[in-house]
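Undergrad: Quick note on numbering: the sequence shown equals residues 1 to 218 in UniProt numbering. Yeah, the Cβ is synthetic: ideal placement off N, Cα and C, and Gly gets one too. All figures in this text were calculated on a predicted structure; none of them were measured in a lab. Quick one: the structure is below, and I'll ask about it shortly.
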Amino acid sequence: MFYFPGALDGHLYYKSQSKFRLVVFQSQICDVLRSCHDDFGSGGHPGRRRTLEKVSSSYHWKTLFKDVNKWVTQHDTLKTVAPVLHPIQVQGAWSVLGIDLIGPLPTTNMKFMQYKFILTATDLFTKWVVAKSLYTKTATEVSKEIVNILLDFGLVERIITDQGWEFVNEVQLCTLKLKNVIDCIFLTEINQVHTLLCYVWKTTSHTWCDKHHPRRGG
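So, in structure tokens, the structure goes:
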């Protein structure tokens, strides 16, 4: 059956075997699949079975199985023919940061904790990760948290991300009113460490939230 959580959430949920899954509309499918399969928080192209488990555990739509199979097939094929990428040379701690976004994540029924995304900043030398919760992944909100991270821990020589040039340009203008501050690069050198950290973080946070702050109706 379907469940309407009301004004505190505003989302539509599908209930099956006492578990509520967020109903995904057509316009949101690509974002969900990208988050669960492509992004660093997914573990980095986890494969058909694990991607299907991750998507179906939190989301629901009619063509879910078909769409997951198609997405994994297409994107893993592209991965096998991708050119060799060279790691970035990092000389010291807190000199180069890798920025990534995790989400959208399921929300709880707590009125003032409707965060849906996580911004992670990884020091590429020490592999230390700083995280900030986000309501949205807009350039304005992301820029604000990047500035907060730099104010808390100090300036860096370079910031890189794989979120795309359009997003990068918006963030740069919102943050420093300058261009060529953030580079758009696939972060191969943190693929193993960062993806593992984000995957463990994402799965454990789901478990903790389900236990201590269940979604409305759970």
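1. In the DSSP assignment, find the unbroken alpha helix (DSSP H) run with Arg21 in it and report its ends.
2. Roughly how many whole angstroms lie between the Cα atoms of Gly103 and Thr120?
3. Quick check on Ala93: does DSSP put it in helix, strand or coil?
4. How about Val96 and Glu157: do their beta carbons lie closer than 9 angstroms?
5. Secondary structure at Trp128, three-state DSSP: helix, strand or coil?
6. For Lys70, which of helix, strand or coil comes out of DSSP?
7. Helix, strand or coil, according to DSSP, for Thr136 in the structure here?
8. So, Gln26 versus Trp61, is the Cβ gap smaller than 9 angstroms?
9. Between the beta-carbon of Lys137 and the beta-carbon of Ile149, is there less than 9 angstroms?
10. Would you list the residues sitting across from Phe117 in a DSSP beta bridge?
11. Considering only residues of the same chain and omitting the five flanking positions on each side of Val32, which have a CB-CB separation below 6 angstroms?
12. Of the residues Asp152, Phe117, Leu134, Ile159, which one's Cα is nearest the Cα of Cys36?
13. In the DSSP assignment, what residue or residues form a beta bridge with Asp100?
14. Going straight from the alpha carbon of Glu53 to that of Asp100, what length do you get?
15. Looking at the unbroken alpha helix (DSSP H) that takes in Arg48, where does it start and where does it end?
16. What do you reckon, are the CB atoms on Ile159 and Gly98 nearer than 9 angstroms?
17. What does Ser16 pair with, by DSSP beta-bridge criteria?
18. By how many angstroms is the C-alpha of Thr122 removed from the C-alpha of Val90?
TA: Per the coordinate set shown:
1. Bounds of any alpha helix (DSSP H) do not take in Arg21; it lies within the beta strand (DSSP E) bounded by 19 to 23.
2. 11 angstroms
3. In the structure shown, Ala93 adopts coil according to DSSP, grouped into three states.
4. It is a contact, given that the beta carbons lie within the stated cut-off.
5. Note: Trp128 maps to coil in three-state DSSP.
6. helix
7. coil
8. yes
9. With respect to the 9 angstroms criterion, Lys137 and Ile149 are not classified as neighbours on the basis of their beta carbons.
10. Leu134
11. Closer than 6 angstroms at Cβ, skipping near neighbours: Val24, Tyr59.
12. Phe117
13. Thr120
14. 23 angstroms
15. 48 to 58
16. For the 9 angstroms CB-CB criterion, Ile159 and Gly98 form a contact.
17. As DSSP reads the structure, Ser16 sits in a beta bridge with Lys19.
18. 12 angstroms
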